[in-house]
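2 protein chains.
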Amino acid sequence: MNDVLIIGTVALDTIETPFGRVDRALGGSATYASFAASFFSKPAIISVIGQDFPREYTELLKNKGIGLDGIEIKDKTFHWEGAYEFNMNEAKTKKTELNSLEHFKAKVPEKYKSIKNVFLANIDPEQQLEVLKQMDEPEFIVMDTMNFWIIHKKGYVIEAIKKADVVLLNDGEARMLFSTVSLVKAANEALKLGPKAVIIKKGEHGALLFTEGKHFNAPGYPLELIKDPTGCGDCFGGGFIGYLAKTKDFSERNFRKAVIYGSVIASHNAEDFSLNRLKSLTMAEIEKRYREFEEIREF
Amino acid sequence: MNDVLIIGTVALDTIETPFGRVDRALGGSATYASFAASFFSKPAIISVIGQDFPREYTELLKNKGIGLDGIEIKDKTFHWEGAYEFNMNEAKTKKTELNSLEHFKAKVPEKYKSIKNVFLANIDPEQQLEVLKQMDEPEFIVMDTMNFWIIHKKGYVIEAIKKADVVLLNDGEARMLFSTVSLVKAANEALKLGPKAVIIKKGEHGALLFTEGKHFNAPGYPLELIKDPTGCGDCFGGGFIGYLAKTKDFSERNFRKAVIYGSVIASHNAEDFSLNRLKSLTMAEIEKRYREFEEIREF
């Protein structure tokens, strides 16, 4: 039985960083998020791919126990081409071929409608809302987005935030969405819209969890080499909701642990291109890094 | 008996931020550092001021028990004019009038030569080294610098790093000094030069402590309003060495606590211009925020 439903993109990524290049590698927000969640729970995906989607990628997801019955197949797969420069902070998009994503309408299969945990990973916010409409009665909703949607569909982004229990934003998005340089102010503005928690992802600087009257600061893991940060935010979200779905404890205290598990998966993901590092990642390695996170913030 | 000797600048600062402006307010690296250190220990300053230095500023430092016998008086006081734009990350220097600082030669009074803890706060690295030459046998040396010296006197900066036990760099300086975008790599390069510890100050993102084989990640305090970040790095360093001088425990474990105390003072300092917030800061407030730092790290 799947216990986390994830809507997002499944993509082919062509990526260049100072440390190498991959062509049409497996990517997309739902891909990274579901792979990360699969370490703790049984996620299923709502998305669309094309006839060109390599069978080995489908097999990789299937072998992780990820539910693929909500993935439509149509035309060609969404293809994103991006490059990271020396500072690795933000990708420069070189090409976006939406392909089958362009006219994608989310459709939740009957068997997924009763899933209680939903992750609205980065995709058109209208489709995020569409998924929520089709679900029976989701109990816990996590929502992510990106600057593109904040610029072009701000109204829908706000609507999705209002329906979410936990909102994920990176620092740049939070500042943009609430027109302030202060992340604390931005988080407080987001909380006013209704969610129980707002998490601001700061890449190498860690993550901030804001809830009513409480604050948690998660450290960034001290990676000496970041090979490819693509998908780290999605891995964070997937790890976060996956851990919560597994433990069924939605307290602020457990959110903190979930933030660290999300960070653990994300920090591993940055160590190699595409899903290369996550493919071989073990629970023992996850637990080991979790303990390292404890150690680096002890005083 | 003074227990921390601090060489650095004592300045008049004219500063504009989005939240206000001050004219010829009390500033300078030695000023902020000694004021911060004075909450824990008895610092003394090596610096130079001019005939124009307001008596009320001298009184303010004296009343905090800060030793002023190493402050030479000559010509006019160093005057810095800077502005912070909306993002408050870095000051734009609008004017620098070195005045008496231009030909300053550090001279350590006899009575300060036996002090065991030395903070080489931000000033010309040649004068930092000069102070070390004049000291009897300092046991614990903390060293800070800035991008200007890394660009113009890199050789002396490196020499000072080699003599220090703990080196403080902000993230931009660390990247510049070791020509790498990775703070972990930069810190490891700095450790190779000899210091026991390297601390990378990241402003709102907290601070990273690197020692042989160990890492500590100190959170940034979630300030909703940063009125003026001037002097925060100096306050951090002053609080850090002040706490260590008081506790006389130079273990990695105690460095971590000292990093938090430094962060506590620095975060308060950002709440108002010049020394305005620190002037009224109490030990009870310091301990309260220290506990908040504990709370925001717990998971």
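In the order they appear, the protein sequences are chains A and B. Okay, so the first sequence: first residue is 1 according to the numbering used here, each after it adds one. Okay, so the second sequence: first residue is 1 according to the numbering used here, each after it adds one. From the three backbone atoms N, C-alpha and C, an ideal C-beta is built for every residue, glycine too.
{"Item": "Simplified DSSP assignment, three categories, for alanine 83 of chain B", "Value": "strand"}
{"Item": "Interface positions of the region 95 to 123 of chain B facing chain A (Cβ-Cβ less than 9 Å), listed along the chain", "Value": "none"}
{"Item": "Same chain, Cβ closer than 7 Å to alanine 121 of chain A, five either side skipped, listed in chain order", "Value": "Ile6, Ile7, Gly8, Ser29, Ala30, Ala33, Asp144, Asp234, Gly237"}
{"Item": "Short Cβ contact (9 Å threshold) for isoleucine 150 of chain A with glutamate 126 of chain A", "Value": "no"}
{"Item": "Reference serine 100 of chain A, options A:Ile226, A:Pro229, A:Thr77, closest by Cα", "Value": "A:Thr77"}
{"Item": "Supposed close pair serine 182 of chain B, glutamate 224 of chain A - CB separation, criterion 8 Å", "Value": "6 Å"}
{"Item": "Test: histidine 79 of chain B CB closer than 9 Å to a CB of chain A", "Value": "no"}
{"Item": "Any C-beta of chain A under 9 Å from that of alanine 25 of chain B", "Value": "no"}
{"Item": "Residues of its chain near phenylalanine 19 of chain A, where Cβ-Cβ distance is below 6 Å and the 5 sequence neighbours each way are ignored", "Value": "Lys227"}
{"Item": "Local Cβ density within 10 Å of glutamine 128 of chain A, reported as buried at 16 or more and exposed below that", "Value": "buried"}
{"Item": "Selection of the region 168 to 195 of chain A by Cβ proximity to chain B, strictly under 8 Å", "Value": "Val181, Ser182, Leu183, Val184, Lys185, Asn188"}
{"Item": "Proximal chain B residues relative to asparagine 147 of chain A, where beta-carbon distance stays under 8 Å", "Value": "Under the 8 Å cutoff, chain B gives no residues; its nearest Cβ is about 17 Å from asparagine 147 of chain A."}
{"Item": "Beta carbon proximity, phenylalanine 236 of chain B to chain A, threshold 9 Å", "Value": "no"}
{"Item": "CB contact check: glycine 50 of chain A to chain B, cutoff 9 Å", "Value": "no"}
{"Item": "Residue range of the beta strand (DSSP E) that includes threonine 247 of chain A", "Value": "That residue, threonine 247 of chain A, is in no beta strand (DSSP E); its alpha helix (DSSP H) goes 232 to 247."}
{"Item": "Three-state secondary structure assigned by DSSP to histidine 215 of chain B", "Value": "strand"}
{"Item": "Min CB distance methionine 283 of chain A to chain B below 9 Å", "Value": "no"}
{"Item": "Collapsed DSSP secondary structure at lysine 94 of chain A in the structure displayed", "Value": "strand"}
{"Item": "Cα-Cα separation between methionine 283 of chain A and phenylalanine 39 of chain A, rounded to whole angstroms", "Value": "7 Å"}
{"Item": "Where tryptophan 1 of chain B sits in the DSSP three-state scheme", "Value": "The sequence shown places methionine at residue 1 of chain B, rather than the tryptophan named in the question. Residue state, collapsed to three classes: coil."}
{"Item": "Beta-ladder partner(s) of leucine 209 of chain B, from DSSP", "Value": "B:Ile199, B:Phe216"}
{"Item": "Residue-chain proximity (asparagine 269 of chain A, chain B), Cβ-Cβ < 9 Å", "Value": "no"}
{"Item": "First through last residue of the beta strand (DSSP E) which encompasses arginine 21 of chain B", "Value": "20 to 27"}
{"Item": "Close Cβ partners of glutamate 204 of chain A (< 7 Å) along its chain, the five nearest in sequence each way excluded", "Value": "Gly220"}
{"Item": "Opening and closing residue of the alpha helix (DSSP H) in which threonine 17 of chain A lies", "Value": "Looking at the DSSP string, threonine 17 of chain A is not in any alpha helix (DSSP H); the run it does join, the beta strand (DSSP E), is 11 to 17."}
{"Item": "Buried/exposed call for serine 280 of chain B, threshold 16 Cβ in 10 Å", "Value": "exposed"}
{"Item": "Leucine 169 of chain A versus A:Leu68, A:Lys162, A:Ala186, A:Met88, residue with shortest Cα-Cα distance", "Value": "A:Ala186"}
{"Item": "Proximity test, Cβ basis, 9 Å: valine 166 of chain A and chain B", "Value": "no"}
{"Item": "Cutoff 9 Å: lysine 246 of chain A Cβ touching any chain B Cβ", "Value": "no"}
{"Item": "Listed by chain order, chain B residues near proline 222 of chain A by CB distance under 9 Å", "Value": "Leu183, Val184, Ala187, Leu208, Phe210, His215, Asn217"}
{"Item": "Chain D residues whose Cβ lies nearer than 8 Å to that of isoleucine 265 of chain B", "Value": "Absence of chain D from the displayed structure is noted, the protein chains being A and B."}
{"Item": "Beta-carbon proximity of alanine 258 of chain A to isoleucine 286 of chain A, cut-off 9 Å", "Value": "no"}
{"Item": "Range covered by the alpha helix (DSSP H) that runs through leucine 60 of chain A", "Value": "55 to 63"}
{"Item": "Contacts of methionine 1 of chain B in chain A (Cβ-Cβ under 9 Å)", "Value": "Simply none; closest approach about 29 Å."}
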